[in-house]
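Asks: Each residue of the sequence shown is one higher than the one before, counting from 1 in full-length UniProt numbering. Glycine is no exception: its CB is placed at the ideal position from the N, C-alpha and C atoms. Predicted model, so just to flag it, every value in this text is computed and none were measured. Can you keep this structure in mind? I'll have questions shortly.
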Amino acid sequence: MKLPRQFFQPLAIGAPSPLRELPVRLERMIHFVPPHMEKMRAKVPELARQVDVVLGNLEDAIPVDAKEAARKGFIEMGKSVDFGPTGLWTRINALNSPWALDDVIEIVGAIGNKLDVIMLPKVDGPWDIHYLDQLLAQLEARHKIAKPILIHAILETAQGVNNVEAIATASPRMHGMSLGPADLAASRAMKTTRVGGGHPEYKVLADAAGDGPRAAYQQDLWHYTVGRMVDACAAAGIKPFYGPFGDFSDQAACESQFRNAFLMGCLGAWSLHPTQIAIAKAVFSPDPAEVAFARKIVDAMPDGAGAVMIDGKMQDDATWKQAKVLIDLAKLVAA
Ligand code: GLV
Ligand code: MG
């Protein structure tokens with residue numbers, strides 16, 4: 001039998017891929033659902049109308065004795081709900097766990113035609129992506145799946161960060177990557193018990209000004225990793241995301257962390273609680289005032305070249321390209 005596709009070939013950096021021609025979708029919030037809980041599954045049809053992506057979580061936060069029920073619940077959810085334009089993703093268990101193989105085989109066999117993306121946790125290097133890539137190619141051929149299932153890696157081990165560029169280009173199936181700050185903190189032996197966000201002790205003191213007080217400024221613990229991830233993703237033509245923000249009681253901190261990620265190039269974040277849906281929607285949609293200014297730039301430079309002054313600020317070929325990013329995103333949000 002002729003296999004329909006062979007995805008094992010690693011991508012050259014920035015190489016165009018047939019998969020990249022898939023429709024561009026808004027993925028501002030990847031909303032996590034625990035599929036073993038019937039009460040939560042019952043909310044999914046309504047949820048699917050509010051979020052860009054629904055993700056059935058099978059990995060961390062799902063108790064060991066509920067792993068099978070979560071997988072079955074996700075399959076039931078996938079079969080019974082009409083997701084329309086909303087993305088349907090799952091986060092499977094880690095490849096070295098007892099559940100990962102059955103997660104992939106059973107889910108692709110049952111709802112492979114509806115599944116858009118598999119989120120793969122604890123990715124250490126391109127070998128993890130290659131394994132899943134081949135397994136998916138076999139299952140897609142067996143079940144005559146029409147549309148390739150994409151892979152989204154969680155960047156959450158020190159080794160993964162070390163290999164971030166190789167992971168991003170490991171397969172044309174790569175959809176993108178999310179920062180996993182909780183596991184990454186553990187992997188690096190960072191001294192925190194938080195899931196994402198800042199830490200009150202991670203700060204620098206302002207220079208001493210005479211005898212005056214020395215203000216302390218809190219720093220962003222995740223700046224370095226988000227920067228590396230965004231560069232690796234942009235170079236490979238895949239999408240970067242912030243992951244979870246665990247303190248549901250602090251919506252302002254969640255918004256601020258998501259906004260930093262958005263400004264640095266991320267396209268979305270995970271929502272683990274209903275309040276985070278609206279936060280992500282607001283943060284990862286461009287600000288109308290910024291879009292209006294971007295339109296002024298494009299209108300003033302129709303061919304995208306040269307230099308003009310707008311409101312006292314110099315604009316040139318580079319800011320024209322920046323403006324296009326905001327305008328294209330605004331069009332996608334409005335569509
Ligand atoms: C997510 O999986 C994380 O570890 O932060
Ligand atoms: Mg994790």
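At 3 residues or longer, what runs of the beta strand (DSSP E) sit wholly inside the segment 181-219?
Replies: 203-205 and 216-218, all fully within the segment 181-219.
Asks: For F258 versus V283, is the C-beta spacing smaller than 8 Å?
Replies: Yes, Cβ-Cβ distance for F258 and V283 is below 8 Å.
Asks: So Y202 packs on Q218, CB below 8 Å; how close in whole Å?
Replies: Right, the Cβ-Cβ distance comes to about 6 Å (below 8 Å), so this counts as a contact.
Asks: Going by the C-beta, is A182 closer than 7 Å to any heavy atom of the ligand MG?
Replies: Yes.
Asks: Should E46 go down as buried or exposed, given a rule of 16 or more other Cβ atoms within 10 Å for buried?
Replies: Counting Cβ neighbours within 10 Å, E46 comes out exposed, since fewer than 16 surround it.
Asks: May I ask you to report which of helix, strand or coil DSSP gives D133?
Replies: Helix at D133.
Asks: Whole angstroms are fine: how far does the CA of R214 sit from the CA of D103?
Replies: Answer to the nearest angstrom: the Cα atoms are 54 Å apart.
Asks: Starting from the N-terminal side, write out each stretch of the beta strand (DSSP E) that is 3 residues or longer and does not extend beyond the segment 251-326.
Replies: Segments of the beta strand (DSSP E) lying fully in the segment 251-326: 269-271, 307-310 and 313-316.
Asks: Taking S249 as the reference, give the member of D207, P98 and G197 with the closest Cα.
Replies: That would be G197, whose Cα lies nearest to the Cα of S249.
Asks: Can you determine whether any heavy atom of the ligand MG sits closer than 7 Å to the C-beta of P121, and answer yes or no?
Replies: Answer for P121: yes, Cβ within range of the ligand MG.
Asks: Below 6 Å CB to CB, which residues in the same chain sit around A253 once its five sequence neighbours on both sides are set aside?
Replies: Cβ within range, chain order: G197.
Asks: Count the CB pairs spanning the segment 181-201 and the segment 144-164 that are closer than 8 Å, and state whether there are at least three.
Replies: Touching, yes, given that three or more Cβ pairs across the two stretches are closer than 8 Å.
Asks: Run through DSSP, which three-state label would I118 get?
Replies: If DSSP states are grouped into helix, strand and coil, I118 belongs with the strands.
Asks: For N57, count neighbouring C-beta atoms within 10 Å of its own C-beta (all shown protein chains included) and say buried if the count is 16 or more, exposed if not.
Replies: It counts as buried.
Asks: Which residues share a DSSP beta bridge with T90?
Replies: According to DSSP, T90 bridges with G56 and I118.
Asks: Please return the same chain residues whose Cβ sits closer than 7 Å to the Cβ of T319, not counting the five positions on each side in sequence.
Replies: Around T319: I297.
Asks: According to the Cβ coordinates, are A146 and N93 closer than 8 Å?
Replies: No; because the gap between Cβ atoms is not below 8 Å, this pair is not in contact.
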